[in-house]
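Colleague:
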Amino acid sequence: MNIFYVLRQQSALGDKIAIVTAGGEISYRELFERVKVYIAWLKSRKSIKRGDRVVLAIKPSIDFYVALIALAGIGAEAVLIEPSNLGRALRCLKFAEPQYILLGLKLLLPVCGNLKKAPPKQDSPEQDAGMALMTFTSGTTGGIKAIERSHDFLMKQAEILENTLELRQSKIVLTTLPVFVLATLRAGQTSIYVSRTDLQFAKAIAAKKLAFEPDLMPDKIICAPQFAQMLAKDGDTANLLKGKHVIVGGAPLYAPVAAAVRRHCKRLTLVYGSSEAEPISHLEVDESCLSEMYKAAKEGLGLLCGTIDQSVELIILPLASFEKYQKISASQKTQGEKLNSEDLEKVPPSLEGKVGEILVAGEHVNKAYYRGVGESENKLSIGNKVFHRTGDTGYLKDGRLYLTGRKSSPWSHVVESFVSLDGAVKRSAFLAAGKLLVEPYKGATLSKETREQLTKANIAIEYTRLSVDARHGSKVIA
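Numbers 83 to 560, taken from this note's numbering, label the letters of the sequence shown in order.
#1: Per DSSP, what kind of secondary structure is K377 in: helix, strand or coil?
#2: Whose CA, out of S510, L485, R132, H446, lies closest to the CA of F469?
#3: Would you check if there are 3 or more beta carbon pairs closer than 8 Å linking the region 398-414 to the region 346-366?
#4: How is the beta strand (DSSP E) around T546 delimited, first residue to last?
#5: Quick one: grab the DSSP three-state call for G476.
#6: According to DSSP, Y452 sits in a beta bridge with which residue or residues?
#7: When DSSP builds the beta bridges, which residues end up paired with E439?
#8: When the distance is taken between beta carbons, is L548 closer than 7 Å to R509?
#9: If we cut at 7 Å on Cβ distances, does T486 have a partner in chain D?
#10: Any idea if N167 is buried or exposed, counting beta-carbon neighbours within 10 angstroms, 16 or more meaning buried?
#11: I need the straight-line Cα distance from G96 to E112, nearest angstrom please.
#12: Could you give the first and the last residue of the continuous beta strand (DSSP E) run that contains E366?
#13: When the Cα of F114 is compared with those of P260, L267, L401, which residue comes out closest?
#14: Since A228 and F235 should fall inside the 8 Å C-beta cutoff, what is the C-beta to C-beta distance between them, to a whole number of angstroms?
#15: Does I99 pass the burial test, meaning 16 or more other C-beta atoms within 10 Å, or should it be called exposed?
#16: Please return the same chain residues whose Cβ sits closer than 7 Å to the Cβ of R173, not counting the five positions on each side in sequence.
#17: Using the rule of at least 16 other Cβ atoms within 10 Å of the residue's Cβ for burial, across every protein chain shown, is V119 buried or exposed?
#18: Return the CA-CA distance between L247 and I303, expressed in angstroms with no decimal places.
#19: In terms of alpha-carbon separation, which member of G355, E369, S403 lies closest to T472?
#20: Distance, Cα to Cα, L335 vs M237?
#21: Determine the burial state of Y407: buried for a count of at least 16 other Cβ atoms within 10 Å of its Cβ, exposed for fewer.
#22: Roughly how many angstroms separate the alpha carbons of R132 and R231, rounded to a whole number?
#23: Is the region 385-393 touching the region 363-370, taking contact as three or more C-beta pairs under 8 Å?
#24: Within 8 Å, do at least three Cβ pairs link the region 301-318 to the region 456-469?
#25: Could you spell out the range, first to last residue, of the beta strand (DSSP E) harbouring R488?
#26: Thinking just about the alpha-carbon of each residue, which of N460, R453, A450 is nearest to the one in I440?
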């Protein structure tokens, strides 16, 4: 069942608020009515049809969700492109070959060169076989790749997130992550969506009536670590954390940030995942866990990311061995055979304590990329399962996952976690060449002790300004 039919069922909730944004609020009944009216308008234009790809160039808002759900109702595929980098956005646009670009609910732009292309055959939207959503990722393992999610896949992911995030135990969820609104709609709860502008200026939230209106006070916050950190820094916004369950993801959670947020909220949970696999693991950050996080950072053990989600099968391949197994798998495919677990050198790849590359499989894990671009570098078939290469390195200890770095720099999280303990550090990025880029707070420099430890490890320090990802505002791009 796709999100349109989910909303049709949830419309029985009537005047219960479905979505709140800075621009207003809408009930489940009103949202479904608006979606139906919009579908009728699109059909009257004789434009978008089942199987078409449509770039949804509307900023996250109530209109955005009206359009997204309407496209699902028609059976068209919504294409989401991050607009912050114009050059990359244009490359994504060309790669997706959309039939239309939706610049506003009533501003539909046909892409003339693609209109005559026959869209892929799809079953009825109620059969969930058609594609619902295309997004793009560069991740940590290569260039631009397009992820297609079928209606069935999207709803399965929403179901798993609903359970992992305990959405049905909440009434109102404040989130900075647009995709989580779909999971909240599926759970029949209220979403307060906070835009990127609010993420950059946390004090603005305190001034918004929607955040402190008694009937719209959230009991759960789902956001990137940077957003939670900004809330915790100010007395007014820190009040928003009191008594709340805060769930963070999308970027590393360092011990000092976890401590600052945990000081104010009732409960703090870290969810680790990727664009292709969300969630992978989760961690309850209580006082005991905070001590472990600080200990891991000080002793160079990496980032603690908690227990593996029950929906995930995780393996850890020895460093620099992925290509070896990929070649075996590709060779066996041509012979009609499959790579089996016995081929993994007769040693469990997720051997306790051994650092390696993290791969995951599961119903909610993306198994392919659009046009196959990026599959040979990021997917590994073992038996009947397709494992996704996360691009992260790490190990298991006492049944919990620790991240040590990225494929291109296997110890980056170890170094970055250590320097995060220095109060002068705003952001950092460790490069494989043994250089640490540090963006300090204004007027601050690394402590003598930190500098000495880095020197002993033959790590050079360079002070610079670091960019962060546009989506979460937390992940450093170096």
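Cβ coordinates follow ideal geometry from the N, Cα and C atoms, glycine included.
Modeller: With the given structure in hand:
#1: On the sequence shown, position 295 is the one that residue 377 refers to. Reduced to three states, the DSSP call for K377 is helix.
#2: Numbered from 1 along the sequence shown, position 387 holds the residue referred to as residue 469. It is H446 whose Cα lies nearest to the Cα of F469.
#3: With a cut-off of 8 Å, the region 346-366 and the region 398-414 do not count as touching, because too few Cβ pairs lie within range.
#4: The residue labelled residue 546 in the question sits at position 464 within the sequence shown. Where T546 is concerned, there is no enclosing beta strand (DSSP E), given that its DSSP letter is neither H nor E.
#5: If you number the sequence shown from 1, residue 476 lands on position 394. Correct three-state label for G476: strand.
#6: Reading the sequence shown from its first residue, position 370 is the one you call residue 452. Y452 is not bridged to any residue.
#7: Here the question's residue 439 lines up with position 357 in the sequence shown. Residue pairing by DSSP puts E439 in a beta bridge opposite L399, T475.
#8: If you number the sequence shown from 1, residue 509 lands on position 427. If you number the sequence shown from 1, residue 548 lands on position 466. Pairing R509 with L548 gives a Cβ-Cβ distance under 7 Å.
#9: The structure shown contains no chain D; it holds only a single protein chain.
#10: By 1-based counting over the sequence shown, the position of residue 167 is 85. Answer is exposed; the Cβ neighbour count stays below 16.
#11: For the purposes of this step, residue 96 is identified with residue 14 of the sequence shown, where counting begins at 1. For the purposes of this step, residue 112 is identified with residue 30 of the sequence shown, where counting begins at 1. The straight-line gap separating the alpha-carbon atoms of G96 and E112 is approximately 8 Å.
#12: Taking the first residue of the sequence shown as 1, we reach residue 366 at position 284. Here the beta strand (DSSP E) through E366 covers 359-366.
#13: Against the sequence shown, residue 114 aligns to sequence position 32. For the residues P260, L267, L401, the minimum Cα distance to F114 belongs to L267.
#14: For the purposes of this step, residue 228 is identified with residue 146 of the sequence shown, where counting begins at 1. For the purposes of this step, residue 235 is identified with residue 153 of the sequence shown, where counting begins at 1. The distance from the Cβ of A228 to that of F235 is about 14 Å, inconsistent with a contact at the 8 Å cut-off.
#15: Translated into positions along the sequence shown, residue 99 becomes position 17. Under this definition I99 is a buried residue.
#16: Locating residue 173 in the sequence shown gives position 91, counting from the first residue. Contacts found: I226.
#17: Translated into positions along the sequence shown, residue 119 becomes position 37. The residue in question, V119, is exposed, as its Cβ has fewer than 16 Cβ neighbours within 10 Å.
#18: Indexing the sequence shown from 1 puts residue 247 at position 165. Indexing the sequence shown from 1 puts residue 303 at position 221. Answer to the nearest angstrom: the Cα atoms are 10 Å apart.
#19: Counting from 1 along the sequence shown, the entry for residue 472 is found at position 390. Selected option, being the one with the closest Cα: G355.
#20: The residue labelled residue 335 in the question sits at position 253 within the sequence shown. The residue labelled residue 237 in the question sits at position 155 within the sequence shown. So the alpha carbons of these two residues sit roughly 28 Å apart.
#21: For this step, residue 407 is matched to residue 325 along the sequence shown. It is buried - the Cβ of Y407 has at least 16 other Cβ atoms within 10 Å.
#22: Translated into positions along the sequence shown, residue 132 becomes position 50. Translated into positions along the sequence shown, residue 231 becomes position 149. A direct Cα-to-Cα measurement between R132 and R231 gives close to 15 Å.
#23: Yes, the region 385-393 touches the region 363-370.
#24: By the criterion of at least three beta-carbon pairs nearer than 8 Å, the region 456-469 is not in contact with the region 301-318.
#25: Reading the sequence shown from its first residue, position 406 is the one you call residue 488. Segment 482-488, the beta strand (DSSP E) holding R488.
#26: Working through the sequence shown from its first residue, we reach residue 440 at position 358. Check the Cα spacing between I440 and each of N460, R453, A450: the tightest is with N460.
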